[in-house]
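Novice:
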């Protein structure tokens with residue numbers, strides 16, 4: 015119940031195309047859903063995050079769509095660029111003293127954007 | 003503004019040995035979390051330190067321990083190393099007690115290989 019399942023494992027997109035990564039969760043106590051981007055040899059960096067009181071959040075070319083009833087959320091990268099080639103992780107966390115600091119990550123999606 | 007720094011960047015140990023990894027948090031951040039990232043997997047939460055005390059722990063055995071110092075820097079200690087401990091160890095700092103209260107800023111990690 016603590017898992018966050020992410021798909022696909024890898025994704026190849028042409029430059030200018032739309033990249034879509036999906037995540038699903040079981041625990042309805044999760045109330046914070048960030049996406050992290052990780053380049054080789056670097057630590058993850060926060061890309062965009064959403065809370066369950068909204069269904070969509072957009073920041074530049076990056077959009078999170080959130081479906082509370084289906085317990086699913088997705089990352090859309092519009093006009094994908096070769097510089098977007100990286101590994102993307104969805105994550106979730108919940109409030110409460112026993113969960114402090116704890117982000118539960120998906121397995122990751124390696125995105126390759128071809129020029 | 004100095005980001006999260008970790009040392010050493012790479013190290014090799016043998017099974018049964020002990021290791022200490024170090025982390026300097028980002029300026030102004032009083033909370034440090036540690037994550038283990040196995041190859042090809044998402045990071046897994048080990049524990050968090052806030053005001054020099056452990057403040058949340060993931061599903062890791064007691065041979066994983068840590069410290070936080072008055073300047074908010076932190077150490078991760080792993081005793082009786084096992085082959086499965088081979089991973090990238092990530093430190094993340096934040097201005098609040100958990101990801102819900104703010105962004106986690108990750109360092110580039112310490113790559114541990116256990117032979």
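Residue numbers (my numbering), protein chains in the order written: chain W, 15 to 129; chain R, 3 to 117. In this text, a Cβ means the ideal position worked out from N, Cα and C, and glycines have one as well. As the structure is a prediction and not an experimental result, all values here were calculated from the model.
Could you confirm whether any beta carbon from chain W is found closer than 8 Å to the beta carbon of residue 63/R?
Specialist: Reading the second chain from its first residue, position 61 is the one you call residue 63/R. Chain W, which has no Cβ nearer than 8 Å to the Cβ of residue 63/R, makes this no.
Novice: At a Cβ threshold of 8 Å, is residue 106/R touching chain W?
Specialist: Stepping through the second chain from its first residue, residue 106/R is reached at position 104. True, the Cβ-Cβ gap to chain W drops below 8 Å.
Novice: Decide if residue 18/W is buried, meaning its Cβ has at least 16 other Cβ atoms within 10 Å, or exposed.
Specialist: Against the first chain, residue 18/W aligns to sequence position 4. Residue 18/W comes out buried.
Novice: Have a look at the DSSP bridge pairing and note the partners of residue 12/R.
Specialist: Here residue 12/R refers to the residue found at position 10 of the second chain. Bridge partners of residue 12/R: 113/R.
Novice: What residues in the segment 35-60 of chain W bring their beta carbon closer than 9 Å to a beta carbon of chain R?
Specialist: Against chain R - using a Cβ distance shorter than 9 Å - the residues of the segment 35-60 of chain W are 45, 46, 48, 50, 52, 55, 56, 57, 58, 59 and 60.
Novice: When you compare each of 53/R, 47/R and 115/R to residue 60/R by their alpha carbons, which one comes out closest?
Specialist: Counting from one through the second chain, the residue named residue 60/R turns up at place 58. Out of 53/R, 47/R and 115/R, 47/R has the C-alpha closest to the C-alpha of residue 60/R.
Novice: So residue 68/R contacts chain W; which residues on that side make the cut at Cβ distance below 9 Å?
Specialist: In the second chain, counting from the first residue as 1, residue 68/R sits at position 66. Within chain W, no residue comes near residue 68/R; the closest Cβ sits about 12 Å away, beyond 9 Å.
Novice: Using 8 Å as the limit for Cβ to Cβ distance, is residue 126/W near chain R?
Specialist: Counted from its first residue, the first chain places residue 126/W at position 112. With 8 Å as the cut-off, residue 126/W does not count as an interface residue toward chain R.
Novice: Check this for me: beta carbons of residue 77/R and residue 23/R, under 8 Å apart or not?
Specialist: For the purposes of this step, residue 77/R is taken as residue 75 along the second chain, with counting starting at 1. For the purposes of this step, residue 23/R is taken as residue 21 along the second chain, with counting starting at 1. Yes, they are a contact pair.
Novice: Count the CB pairs spanning the segment 81-93 of chain W and the segment 38-48 of chain W that are closer than 8 Å, and state whether there are at least three.
Specialist: Touching, per the Cβ criterion.
Novice: Whole angstroms is fine: what's the gap from residue 43/R's alpha carbon to residue 122/W's?
Specialist: Here residue 43/R refers to the residue found at position 41 of the second chain. Here residue 122/W refers to the residue found at position 108 of the first chain. Distance between the alpha carbons of residue 43/R and residue 122/W is about 7 Å.
Novice: Residue ranges of each beta strand (DSSP E) run of no fewer than 3 residues wholly in the segment 26-58 of chain W, ordered along the chain?
Specialist: Listed in chain order, they are 33-39 and 47-52.
Novice: Between residue 30/W and chain R, is the shortest Cβ-Cβ distance under 8 Å, so that the two count as touching?
Specialist: On the first chain, residue 30/W is found 16 positions in, with the first residue counted as 1. For residue 30/W, the answer is no, since every Cβ of chain R falls outside 8 Å of its Cβ.
Novice: Which residues in the same chain have their Cβ closer than 6 Å to the Cβ of residue 2/R, if we skip the five residues on either side of it in sequence?
Specialist: Chain R is shown from 3 up to 117; residue 2/R falls before or after that span and cannot be answered.
Novice: Beta-carbon within less than 7 Å of residue 31/W's beta-carbon, same chain only, minus the 5 sequence neighbours each way: which residues are those?
Specialist: Numbered from 1 along the first chain, position 17 holds the residue referred to as residue 31/W. The residues are 94.
Novice: Which residues of the segment 44-55 of chain R have a Cβ closer than 9 Å to any Cβ of chain W? Give them in chain order.
Specialist: Against chain W - using a Cβ distance shorter than 9 Å - the residues of the segment 44-55 of chain R are 44, 45, 46, 47, 49, 50, 51 and 52.
Novice: Anything in chain W within Cβ reach of residue 111/R, meaning under 9 Å, just list it in chain order.
Specialist: The residue you call residue 111/R lines up with position 109 of the second chain. The answer, in chain order, is 55, 56 and 57.
Novice: Can you give the Cα-Cα distance for residue 81/W and residue 97/R, rounded to whole angstroms?
Specialist: Translated into positions along the first chain, residue 81/W becomes position 67. Translated into positions along the second chain, residue 97/R becomes position 95. Rounded to the nearest angstrom, the two C-alpha atoms are 29 Å apart.
Novice: List in chain order: all unbroken beta strand (DSSP E) runs of 3+ residues lying wholly within the segment 55-101 of chain W.
Specialist: Runs found: 59-64, 70-73, 76-81 and 86-91.
Novice: DSSP three-state call for residue 85/R: helix, strand or coil?
Specialist: In the second chain, residue 85/R corresponds to position 83, counting from 1. Residue 85/R: helix per DSSP, three-state reduction.
Novice: Output needed in chain order: residues of the segment 80-104 of chain W with a Cβ under 8 Å from some Cβ in chain R.
Specialist: Cβ contacts with chain R come from 103.
Novice: Counting only Cβ pairs nearer than 9 Å, list the residues of chain R close to residue 72/W.
Specialist: Within the first chain, the letter at position 58 stands for residue 72/W. Result: empty, since nearest Cβ-Cβ is about 18 Å, beyond 9 Å.
Novice: Taking buried to mean at least 16 other C-beta atoms within 10 Å of its own C-beta, is residue 50/R buried or exposed?
Specialist: Here residue 50/R corresponds to residue number 48 of the second chain, with the count starting at 1. Result: buried.
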